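Q: All the letters of the sequence shown, read from the start, carry residue numbers 3 to 280 under the UniProt record's numbering.
Glycine residues also receive a C-beta, built at the ideal position from the N, C-alpha and C atoms.
Just so it is clear, the structure is predicted and the values come from calculations on it, not from any experiment.
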Amino acid sequence: PKKLSTTRMKKMKADGVPISMVTAYDYPSAKLAEEAGVDVILVGDSLGNVVQGQQSTLPVTLDDIIYHTKMVTRAATGTFVVADMPFMTYHGSIDQSLAGIGRLMREGLCQAVKMEGGAEIAHTVEASVRAGVPVVGHLGLTPQSVYQIGGYKVQGKNNEQARKLLDDAKALEQAGAFAIVLELTTDELSAEITRQLSIPTIGIGAGPNCDGQVLVFHDLLQYSSPAYPKKMVKTYANIGDSIRNGIAEYVKEVKNRSFPAQEHTFHADLEIAGQLYG
Ligand code: KIV
Ligand code: NA
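Rendered as structure tokens:
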């Protein structure tokens, strides 16, 4: 496949062509996402939740993201890959932020980085873009600020909040972001931000009026145990059940000695073989 570019993504918005994005965290998931024809892969810090089993994204480190981004870009050689900047890695000096962004790009070999926040990180977005690193913004429910926000709740439900988020979106566009993820924002706000920006919006729990959609790999495929329902997610496959059933069948066949069968077994004429068969 031909890898997308930031300019082609903006053109997709202008042409009304939806952008599909999915997260991936390792070689096989990225390979499968690319083979499925996804436009953009996100190495999200949601890996803290779905891969590491953490309660939030806060414990995820830059080293963690680099480790996973390396595996993803090794697999998805024809797909545009964005990687998340983790919690507190882009809030100090510009020099510190650029050092982290530089490591992620140089070692992870991705095509862009994503950062949570609005006007307050615009100067960092601008510095990254000036250094040649494309940036995806992320507004609405920003999980790295969950304790500031006070929970995983829908954003942009009142006028004051909606106005601030619209201003933030414009500040990110002004700073040079080439796309913005909108998470858990009301359809009304998502639609208005999408209408007022020239860069694409990618929604998750943000309604059908965004320029693209993103879902977490483990969510849309039910690759988790136990499966947990979320209103914003649609289940497209249940690989959790497939994996559990497959392993249970293997365990059963080991116990009843039906695996391995002759077709899985190697043979040779050996003098000592008689000892075994007596
Ligand atoms: O980390 C992640 O998976 C994300 C998406 C939910 C947008 O940031
Ligand atoms: Na994230």
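May I ask you to list the residues that DSSP assigns as paired with E185?
A: Answer is G142 and I206.
Q: For Q215, is the classification buried or exposed, using 16 other Cβ atoms within 10 angstroms of its Cβ as the cut-off for buried?
A: Under this definition Q215 is a buried residue.
Q: My assumption, with CB atoms under 8 Å, is that Y29 sits in contact with R76. Please give the rounded CB distance.
A: Rounded, the Cβ-Cβ distance is 6 Å, consistent with contact.
Q: Rounded to a whole number of angstroms, what is the C-alpha to C-alpha distance between G134 and G158?
A: About 32 Å.
Q: I need the DSSP call for A270, collapsed to helix, strand or coil.
A: Residue state, collapsed to three classes: coil.
Q: Give the secondary structure of V127 by DSSP, where H, G and I count as helix, E and B as strand, and everything else as coil.
A: Helix.
Q: Between D221 and chain C, is there a C-beta pair that is closer than 7 Å?
A: Protein chain content of the structure displayed is limited to a single chain, and chain C is not contained in it.
Q: Would you tell me roughly how many angstroms separate the C-alpha atoms of M117 and E265, rounded to the nearest one?
A: The straight-line gap from Cα to Cα measures roughly 52 Å.
Q: What does the alpha-carbon distance come out to for the pair R108 and A129?
A: Going from the Cα of R108 to the Cα of A129 covers about 17 Å.
Q: Would you list the residues sitting across from T25 in a DSSP beta bridge?
A: Answer is L44.
Q: Confirm the yes/no value for this check: CB of S48, any heavy atom of the ligand NA, distance under 6 Å.
A: At least one heavy atom of the ligand NA is nearer than 6 Å to the Cβ of S48, so yes.
Q: Would you check if the distance between the CB atom of D169 and the CB atom of L141 is smaller than 7 Å?
A: Result no, Cβ atoms of D169 and L141 do not sit closer than 7 Å.
Q: What three-state label does DSSP hand V19 in the structure shown?
A: Coil at V19, not helix or strand.
Q: Going by C-alpha to C-alpha distance, which of V137, S48, E162 and S244 sits closest to T8?
A: Selected option, being the one with the closest Cα: V137.
Q: If you measure from the CB of S66, is any heavy atom of the ligand NA nearer than 6 Å?
A: The sequence as given places Asp at residue 66; Ser does not occur at that position. Checking every heavy atom of the ligand NA against the Cβ of D66, none is found closer than 6 Å.
Q: Between which two residues does the alpha helix (DSSP H) holding G110 run?
A: From DSSP, the alpha helix (DSSP H) with G110 extends over I96 to G110.
Q: Buried or exposed for E36, please, with buried defined as at least 16 other CB atoms from any protein chain shown within 10 angstroms of its CB.
A: Buried, by the Cβ-count rule.
Q: What distance in whole Å lies between the Cβ atoms of T25 and S48, which are believed to be in contact at a cut-off of 8 Å?
A: Right, their Cβ atoms sit about 6 Å apart.
Q: Identify whether D213 lies in helix, strand or coil by the three-state DSSP scheme.
A: Coil, per DSSP.
Q: For H220, which option in D213, G207, P210 and I241 has the closest C-alpha, if you only look at C-alpha atoms?
A: Answer by Cα proximity: I241.
Q: For I68, count neighbouring Cβ atoms within 10 angstroms of its own Cβ and tell me buried if that reaches 16, exposed if not.
A: I68 is buried by the Cβ-count criterion.
Q: In the DSSP assignment, find the alpha helix (DSSP H) that holds V84 and state where it starts and stops.
A: Looking at the DSSP string, V84 is not in any alpha helix (DSSP H); the run it does join, the beta strand (DSSP E), is F82 to D86.
Q: From C112, L111 and V148, pick the residue whose C-alpha is nearest to that of G119; which is it?
A: With distances taken between Cα atoms, G119 lies closest to V148.
Q: Regarding I213 and the ligand NA, is the C-beta to nearest heavy atom distance less than 6 Å?
A: Before going on, a small fix: residue 213 reads as Asp here, not Ile. D213: no, Cβ never under 6 Å from the ligand NA.
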